[in-house]
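Scroll down for the structure; my scribbles are underneath it.
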Amino acid sequence: MSASDVPASHPRYLSLLRRERIVCGVERGVTSLHGLIAHGRGEAFDYLIGERTHLFATGAITAAAAALKGARHPVISVNGNACALAAAELVALAEAAGAWLEVNIFTSSPPRELAIRTMPLDAGARDVLMPSQTHAIQHIDHNRKWVHPEGILTADVVCVPLEDGDRCEALVKNGKTVITIDLNPLSRTSRTAQITIVDNLTRCLPLLVQAVREAGTAPVDPVPWDNRKALAEAESVMRQPQATVSGPTAN
Ligand code: PTJ
Numbered sequence: 028m029s030a031s032d033v034p035a036s037h038p039r040y041l042s043l044l045r046r047e048r049i050v051c052g053v054e055r056g057v058t059s060l061h062g063l064i065a066h067g068r069g070e071a072f073d074y075l076i077g078e079r080t081h082l083f084a085t086g087a088i089t090a091a092a093a094a095l096k097g098a099r100h101p102v103i104s105v106n107g108n109a110c111a112l113a114a115a116e117l118v119a120l121a122e123a124a125g126a127w128l129e130v131n132i133f134t135s136s137p138p139r140e141l142a143i144r145t146m147p148l149d150a151g152a153r154d155v156l157m158p159s160q161t162h163a164i165q166h167i168d169h170n171r172k173w174v175h176p177e178g179i180l181t182a183d184v185v186c187v188p189l190e191d192g193d194r195c196e197a198l199v200k201n202g203k204t205v206i207t208i209d210l211n212p213l214s215r216t217s218r219t220a221q222i223t224i225v226d227n228l229t230r231c232l233p234l235l236v237q238a239v240r241e242a243g244t245a246p247v248d249p250v251p252w253d254n255r256k257a258l259a260e261a262e263s264v265m266r267q268p269q270a271t272v273s274g275p276t277a278n
């Protein structure tokens, strides 16, 4: 049985749908096998926040929208999990923010990079940049250092959903403002990025798109954001038993 056979009334419907997207991602060569593990890790943290968007996330979404709108050259980095879960929403975000999409993956694989590129293009992206073999960011040795010269290399604001800590640190050291989406408030990525949205990618992306659209075309001032405080609030919610799926809402 697949999630498409499960009625929308099923209490785990959305979770099953997300699993199906990740499994389909693996089957079509978009998501790595390691991505299945990362997804399970995310599910566990999502349980601990009651699978809902909290105030620490909506605040981060507002700050992220302002950072994207105020950016000179914003870029959204796309990996195998983000692409399988939310290709259409990533395209909508890029469109709303006037940002480029750029493929960048942890587990090196040119065929997978190409498969990832296809999904946002099919979802209507005007283009999707690929990592070059000539331009690299500094402070990282891994293959993830390779970037597109008109994309991440020259970006001032980079949105990196579900990132690994080394690359997030490297992007910050390269002078970028980094926005991440990560359900784990303790991860190195969450703690290194300037703006961390602790929420499920699939829940917060539509809200982020809406916030960017609402910002309109007028110049946008940066929204002051205390990332450490927000991460502490997320951790505190996770440590409260009543925040879990069966408990009452936490905000
Ligand atoms: O496609 P690749 O090769 O670039 O690989 C992508 C993954 C995600 C596999 C790779 O970057 C990786 O291993 O990531 P990590 O280090 O496991 O980190 C993923 C983080 O994202 C973890 O902190 C998870 O809790 C979190 N996470 C997983 N699913 C979601 C999520 N956060 C938000 N929404 C999710 N749906």
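Numbering (the working numbering), first residue to last: 28 to 278. All C-beta atoms, glycine included, are put in the ideal place defined by N, C-alpha and C.
Quick check: what's the CA-CA separation for residue i versus residue j?
| i | j | result |
| --- | --- | --- |
| E262 | L210 | 10 Å |
| V174 | M157 | 7 Å |
| T229 | T85 | 14 Å |
| H166 | T223 | 21 Å |
| T180 | K203 | In the sequence as presented, Thr is not what sits at residue 180; that position holds Leu. Cα-Cα distance, rounded: 9 Å. |
| D248 | S104 | 23 Å |
| K200 | A35 | 45 Å |
| W127 | C186 | 10 Å |
| G151 | V118 | 7 Å |
| E122 | T244 | 13 Å |
| S136 | A257 | 35 Å |
Tell me which residues share the same chain as residue i and place their Cβ nearer than 6 Å to its Cβ, disregarding the 5 neighbours each side in the sequence.
| i | result |
| --- | --- |
| D183 | A98, R99, H100 |
Please state whether the Cβ-Cβ distance between residue i and residue j is less than 8 Å.
| i | j | result |
| --- | --- | --- |
| E116 | P233 | yes |
| L60 | V53 | yes |
| H169 | D149 | no |
| G56 | A142 | yes |
| V155 | R144 | yes |
| D226 | T89 | no |
| E190 | T216 | yes |
| H66 | N108 | yes |
| A197 | A92 | no |
| G62 | E129 | no |
| W252 | A87 | yes |
Quick check: is any heavy atom of the ligand PTJ less than 7 Å from the C-beta of residue i?
| i | result |
| --- | --- |
| I132 | yes |
| F83 | no |
| E78 | no |
| L190 | Reading the sequence as shown, one finds Glu at residue 190 and not Leu. Within the cutoff, so yes. |
| V178 | Here residue 178 turns out to be Gly, not Val, going by the sequence shown. No, the Cβ of G178 stays beyond 7 Å of every heavy atom of the ligand PTJ. |
| T229 | yes |
| R144 | no |
Starting from residue i, follow the alpha helix (DSSP H) in both directions and report where the run begins and ends.
| i | result |
| --- | --- |
| S104 | It is not in any alpha helix (DSSP H) - S104 instead sits in the beta strand (DSSP E) that spans 101-105. |
| I143 | 137-149 |
| T207 | Segment 204-208 is the beta strand (DSSP E) holding T207; no alpha helix (DSSP H) there. |
| I179 | Where I179 is concerned, there is no enclosing alpha helix (DSSP H), given that its DSSP letter is neither H nor E. |
| G52 | 40-54 |
| H66 | 60-75 |
Would you say the beta carbon of residue i is closer than 7 Å to some non-hydrogen atom of the ligand MN?
| i | result |
| --- | --- |
| E122 | Among the ligands in the structure shown, the ligand MN does not appear; only the ligand PTJ can be found there. |
Go through its chain and collect everything with a Cβ distance to residue i's Cβ below 7 Å, but skip five positions before and after it.
| i | result |
| --- | --- |
| V33 | Y40, L43 |
| P12 | In this structure the chain extends from 28 to 278, so residue 12 is not present and cannot be described. |
| E260 | F83 |
| D73 | L210, N227 |
| M146 | V57, C110, A114 |
What residue range is occupied by the uninterrupted beta strand (DSSP E) comprising residue i?
| i | result |
| --- | --- |
| V130 | 127-130 |
| V184 | 184-188 |
| I224 | 222-224 |
By Cβ distance below 8 Å, which residues in the same chain neighbour residue i in space, the five residues on each side in sequence not counted?
| i | result |
| --- | --- |
| A277 | Any reading at A277 must be qualified, since the residue scores a pLDDT of 34, below 50, and its modelled position is unreliable; the value itself is stated next. Only I76, G77, R79, H81, V264, Q267, Q269, A270 meet the Cβ criterion. |
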